[in-house]
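Numbering (this note's numbering), first residue to last: 15 to 341. Working notes for the structure below.
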């Protein structure tokens, strides 16, 4: 049996909507099985017997894993994988992969664009031109905030955080950061607590992953420490922010402005944030270019191909890096 024939015999489950490019590759390479959503109630007896891999945007629960006794690998589309129960996967010897690196530069670009939009109010300035206000009312009002002389803190100095920091250096801005641990080899000032970082800067960019350890980490205390000239940008996960506290801080002047690409309950955005005049809001488009999403799709499928041919994952998440081939 050829390698191609071997892969065609491997059943890969694709729940809900998925990347068209990835779907086409999976369909050509494997035995693709589609399902409306990642719900164990929808798993058929044939799926239980045959499915060995999952390729998914969506979260994969412990119950979903348990419903597929022959599952070996979950190829998660995206760098964040907090919606996958990785602890359960590790306990069941199921490999989990994600798609790091290929989206780093795109997300960092978006973070800088969102920061500038937030500080200089550029989306509203464009609307001023488009709706005829420039003709009727004259020049757009001067922006109250500026990027000049700002001090930037990054919450989450991983690959994307470092890419953002490099861009900020080009703007001549000092950078500091908070991580669970200090990153060796970085010259940026390290703060062992998020509050300490917020007190030291006036611009906080969150690139932190989701999960229990970061749930609502950016809260009223952190926003108060950031101060009245403070700007908060979130390009990481919506779950890391107490959105009610953020809305209150924006309304009462605790901070000056916020730029958000991610939210706790997407696509639902709190009305208080939608109505706030000092927010710049994006619909989770950090990596959303055709170029980058195609690269993410390829890496997602490449992980499946590598696992089911060479018995190794290309980009395993740390929690399952120890998982071994069942064969």
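Backbone N, C-alpha and C fix where the C-beta goes; we use that ideal spot for every residue, glycine too.
Given a threshold of 16 other Cβ atoms within 10 Å of its Cβ, counted over all protein chains shown, does residue i qualify as buried or as exposed?
i, result
"residue 144", "exposed"
"residue 175", "buried"
"residue 243", "exposed"
"residue 5", "Absent from the model: residue 5. The displayed extent of the chain is 15 to 341, so no value can be given."
"residue 301", "buried"
"residue 339", "exposed"
"residue 197", "exposed"
Can you give the beta carbon distance from residue i to residue j, rounded, assuming they're within the 8 angstroms contact cut?
i, j, result
"residue 318", "residue 293", "Wrong, their Cβ atoms sit about 39 angstroms apart, outside the cutoff."
"residue 46", "residue 26", "6 angstroms"
"residue 86", "residue 66", "5 angstroms"
"residue 239", "residue 212", "4 angstroms"
"residue 283", "residue 132", "Actually they are not in contact, since the Cβ atoms of residue 283 and residue 132 sit about 15 angstroms apart, beyond 8 angstroms."
"residue 224", "residue 94", "6 angstroms"
"residue 29", "residue 51", "6 angstroms"
"residue 90", "residue 111", "6 angstroms"
Give every residue of the same chain whose Cβ lies closer than 7 angstroms to the Cβ of residue i, excluding the five residues on either side of it in the sequence, and list them in chain order.
i, result
"residue 203", "190"
"residue 183", "189"
"residue 142", "148, 154"
"residue 177", "118, 119, 122"
Just to confirm the assignment, what range does the alpha helix (DSSP H) spanning residue i have?
i, result
"residue 229", "Neither: residue 229 is in no alpha helix (DSSP H) and is coded neither H nor E."
"residue 306", "304–324"
"residue 149", "147–151"
"residue 174", "173–184"
"residue 210", "208–214"
With a threshold of 6 angstroms on Cβ separation, who are the neighbours of residue i within its own chain once the five nearest residues in sequence on each side are excluded?
i, result
"residue 138", "none"
"residue 107", "337"
"residue 192", "169, 205, 208, 211"
"residue 287", "261, 293"
"residue 277", "252, 283"
In three-state DSSP terms, what is residue i?
i, result
"residue 106", "coil"
"residue 190", "strand"
"residue 219", "strand"
"residue 330", "strand"
"residue 250", "coil"
From what residue to what residue does the beta strand (DSSP E) around residue i run?
i, result
"residue 243", "Looking at the DSSP string, residue 243 is not in any beta strand (DSSP E), and its letter there is neither H nor E."
"residue 11", "A question about residue 11 goes unanswered here, because the residues of the chain that appear run from 15 up to 341."
"residue 28", "25–29"
"residue 118", "Premise fails: residue 118 lies in the alpha helix (DSSP H), 118–134, not in any beta strand (DSSP E)."
"residue 70", "65–70"
"residue 85", "Looking at the DSSP string, residue 85 is not in any beta strand (DSSP E), and its letter there is neither H nor E."
"residue 272", "271–274"
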